[in-house]
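Visitor: Below you will find the structure I want to go over with you.
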Amino acid sequence: MHQLSRNAIQPHERFTDRARMPTMKIRLSAARIWDGTAPTTTREALNLIVDRGEITSVGSSLGGTSESIVRLPPGAVAIPGLIDAHVHMDLDPFLLAPDDQFKPSRSDRDLRMIARAGAMVAAGITTARDLGAGEWRELALRDAIARGELPGPRLVCAGQPLTVDQGHCHFWGGVATGAEEQAQVVRRQLAHGVDWVKVMATGGYFTKGSGVERAQFSAEELRQAVGLAGEAGLAVAAHCHGKAGIRNAAQAGVRTIEHCSFASGEGYGADYDADVVKEIAAAGTWVSPTVNANWLRRMKKDGAPTDFFRNMRGVLGGLREAGIPLLASTDAGIPGVHHHRLAAGLLAFAKYGDLSPVEVLRTATSDSALGLGLESICGRLEPGLSADVLVFAGDPLEDLALLENPILVLARGRIAHRDPSVPAPVAAA
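Take the sequence shown: its position 199, counted from the start at 1, is 204 in the working numbering, and no numbers get skipped.
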C-alpha cells in the first residue's frame, strides 16, 4: 500500500477528521444549470440535490428533503467540475531542471504535492489524470483523497512511463530494452495499482538529448503494451511529439495520444501530416493536446501571430476537421505550468482550437469523462453521478473568463471552496 510521508500528512489531520464525516444532504437553490452536454444553460433557475456525495435530483421541484440549503446569488450558474486529462502531481513547476525535482526531501515533496491537490480542487478541478513520475507517490495521494483524508481532485494515475535507455523521462525508472523488459515495466506498474499505462512513444523536451522527432518504440512494441494493459482492463496513453511516433501510436491502438504536436527541429506543428491525422481518426484515438495557460503568451510577437500559434492552430484545426475528439489537458508540473490553472488553459484552448465556449467546456467535462472512461462517475450534472459542481456568478458559456473565479466548488459532495458572496449552508425548513 502506498503511503505519503507522515510529516506531510500531519498538518492535515484536522481536515482528515472532518472529511471522514458523512457528507450532508444539500440543496443548491436557484441556479441556472449547464449539464455538461447541452448547447446552453437552462433558462430557468433549478434546484440541485446532493446526497452522500452524489447528485440525486436536478429540477424545478425540490426532489425530496435536504438537511441544508445553499441559497445561491441571483444569476448564478452551475456546471460540472472540470477535468484535466494530463498532469504530473509529483512535479514542481517552479523547478526548471529534471534533476532539481529530486533535491527536496521526500516529506517536502509530499507536502508540496498535497498543497497542489488542494489548490486544484479549490480552483474547480475535481478530476485529473496523472501521467507519470518515478516513485508512485501520486498513487498514495490518489488513495488518500479517495479515502477522504485530503482535499483534492479525483485522480487516476499511470505510474512510471515505459521508455528507452536515455529516452524521455528515463530518470523515472521505466527504462526497457526489448520485448521482455518492456513487458516487465508494464507489469510493474500494474502491480503498483495504476489506472492507466503510459508509454513514451517519442523523445520529449523535458529530457535533453532524447529527440522529440525520434520514435522510441515501433508500432509492434507499442501494441504489446496496449495488449498487456488491456488484459488488466486498462488503456494506454502515449506521449507523442514527432510524426513517426504519432503514427506508431495510432497503429498500435492506444486510447489517447498526448501532445500530438507534430514537432520537428523547426518547432511545434512544423511537421504536420494530414495522412497521419487520418490514421488517428481511423483508429478512434483521442488526442490530449496539453494546451496550457502559457500558450496565451505565445500567440503574438511584435503584434503579429507567431509561427507557434499558426502551426498549432493548424494542427488542432486538422484534428477537429477529421472528427478526432479532444481532451482538455495542461501537462501541469512541467516548468512554469501550474496545476491549478486549467481555467486559463481553456482560454488558450478556445483560441488555438477555434472552439466555442460550449465546445471547450465539453472537452473539460463530459468529453474528458468519456475519453478517460469515467463517464459513469463524473463529467455531467445528472442524478447518480458524483456531485462535482462548480458555481459561477455569471454564465461561463457566455464568458469563459469566469472559469477562473468559481464562487462555490463541490467535490464529491463536499464544499471545497466557498466565496464570501455565497451564504453558508443553512438548515432546511
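Where a beta carbon is used, it is the ideal one built from N, C-alpha and C, also for glycine.
Quick caveat: nothing in here was measured; it's all calculated off a predicted structure.
What's the gap between the Cα of Gly129 and the Cα of Glu185?
Guide: Their backbone Cα atoms lie some 42 Å apart in a straight line.
Visitor: In this structure, does DSSP put Asn297 in helix, strand or coil?
Guide: Asn297 falls in the coil class under three-state DSSP.
Visitor: Helix, strand or coil: which one does DSSP assign to Trp177?
Guide: Residue state, collapsed to three classes: helix.
Visitor: Given 8 Å as the limit, is there contact between the segment 333-351 and the segment 382-392, that is, 3 or more CB pairs closer than that?
Guide: No: fewer than three Cβ pairs fall under 8 Å.
Visitor: Check Ala257 in the structure and name its three-state DSSP category.
Guide: The answer is helix: DSSP assigns Ala257 an H, G or I state.
Visitor: Tell me whether Ala234 is buried or exposed, calling it buried when 16 or more other Cβ atoms sit within 10 Å of its Cβ.
Guide: So Ala234 counts as buried.
Visitor: In angstroms with no decimal places, state the Cα-to-Cα distance between Asn297 and Ile74.
Guide: Cα to Cα, Asn297 sits roughly 36 Å from Ile74.
Visitor: Per DSSP, what are the beta-bridge partners of Pro310 in this structure?
Guide: Answer is Lys305, bridged to Pro310.
Visitor: Taking 8 Å as the threshold (C-beta atoms), are Met205 and Gly172 in contact?
Guide: Contact flag set, yes.
Visitor: Is the beta carbon of Thr46 closer than 8 Å to that of Arg37?
Guide: Yes, Cβ-Cβ distance for Arg37 and Thr46 is below 8 Å.
Visitor: Taking the beta strand (DSSP E) that Ile60 falls in, what are its first and last residues?
Guide: First-last of the beta strand (DSSP E) with Ile60: 59-64.
Visitor: Could you tell me the alpha carbon to alpha carbon distance between Ala288 and Ile262, rounded to whole angstroms?
Guide: Distance between the alpha carbons of Ala288 and Ile262 is about 11 Å.
Visitor: Whose C-beta lies closer than 6 Å to the C-beta of Gly418 among residues of the same chain, with five residues either side of it excluded?
Guide: The answer, listed in chain order, is Thr28, Val55, Gly58, Ala392.
Visitor: What is the rounded straight-line gap between the Cα of Ser380 and the Cα of Asp307?
Guide: This sequence places Glu at residue 380; Ser is not what is there. Rounded to the nearest angstrom, the two C-alpha atoms are 44 Å apart.
Visitor: Under 8 Å: do the segment 193-208 and the segment 127-143 share three or more Cβ pairs, one atom per stretch?
Guide: Counting Cβ pairs under 8 Å, three or more are found: they touch.
Visitor: For Ser391, which residues does DSSP report across the bridge?
Guide: Answer is Glu59.
Visitor: Three-state secondary structure (DSSP) at Ala243?
Guide: Strand.
Visitor: Would Ala457 and Val414 qualify as a contact pair, given that the criterion is a beta-carbon distance under 8 Å?
Guide: There is no way to answer for residue 457, as the model of the chain reaches only from 6 to 434.
Visitor: Please state the DSSP three-state secondary structure of Leu402.
Guide: Reduced to three states, the DSSP call for Leu402 is coil.
Visitor: Can you tell me where the alpha helix (DSSP H) with Asp148 in it begins and where it stops?
Guide: First-last of the alpha helix (DSSP H) with Asp148: 142-151.
Visitor: Tell me, please, which residues DSSP counts as bridged to His422.
Guide: Its beta-bridge partners are Val414.
Visitor: What's the C-alpha gap between Gly41 and Arg147?
Guide: C-alpha separation (whole angstroms): 25 Å.
Visitor: Taking the straight line between their C-alpha atoms, what separation do you get for Arg25 and Ile285?
Guide: Note on Arg25: pLDDT 40, under 50, position unreliable in the model; no value is reported.
Visitor: With burial defined as no fewer than 16 other Cβ atoms inside 10 Å of the residue's Cβ, what is the status of Ala309: buried or exposed?
Guide: It counts as exposed.
Visitor: To which residues of the same chain is Ile329 closer than 6 Å at the C-beta, ignoring the five residues directly before and after it?
Guide: Around Ile329: Ile285, Ala286, Val292.
Visitor: Decide yes or no for the touch test of the segment 329-344 against the segment 88-101: beta carbon pairs closer than 8 Å, at least 3 of them.
Guide: Contact between the segment 329-344 and the segment 88-101 is present, because at least three Cβ pairs lie under 8 Å.
Visitor: What's the C-alpha gap between Val365 and Ala374?
Guide: If you take the alpha carbons of Val365 and Ala374, they lie about 14 Å apart.
Visitor: Considering only residues of the same chain and omitting the five flanking positions on each side of Leu87, which have a CB-CB separation below 6 Å?
Guide: Taken in chain order, the residues that qualify are Gly129, Ile130, Leu347, Ala369.
Visitor: Measure the Cβ-Cβ separation of Asp280 and Ala268 and say whether it is below 8 Å.
Guide: Going by C-beta atoms, Asp280 is not nearer than 8 Å to Ala268.
Visitor: The alpha helix (DSSP H) spanning Ile119 covers which residue range?
Guide: Unbroken alpha helix (DSSP H) run through Ile119: 111-127.
Visitor: Rounded to a whole number of angstroms, what is the C-alpha to C-alpha distance between Phe397 and Met125?
Guide: Near 16 Å, if we compare the C-alpha coordinates of Met125 and Phe397.
Visitor: Look at the alpha carbon of Gly30 and the alpha carbon of Ala432, and state the distance between them as a whole number of angstroms.
Guide: Residue 30 is actually Lys in this sequence, not Gly. Going by the C-alpha atoms only, they are around 10 Å apart.
Visitor: With a threshold of 16 other CB atoms inside 10 Å of the CB of Arg121, please say whether the residue is buried or exposed.
Guide: That one is buried.
Visitor: Tell me the DSSP bridge mates of Phe397?
Guide: Answer by DSSP bridge pairing, in chain order: Val82.
Visitor: One question on the structure: do Arg260 and Ala242 come within less than 8 Å of each other, judged by their Cβ atoms?
Guide: Yes, the Cβ-Cβ distance between Arg260 and Ala242 is below 8 Å.
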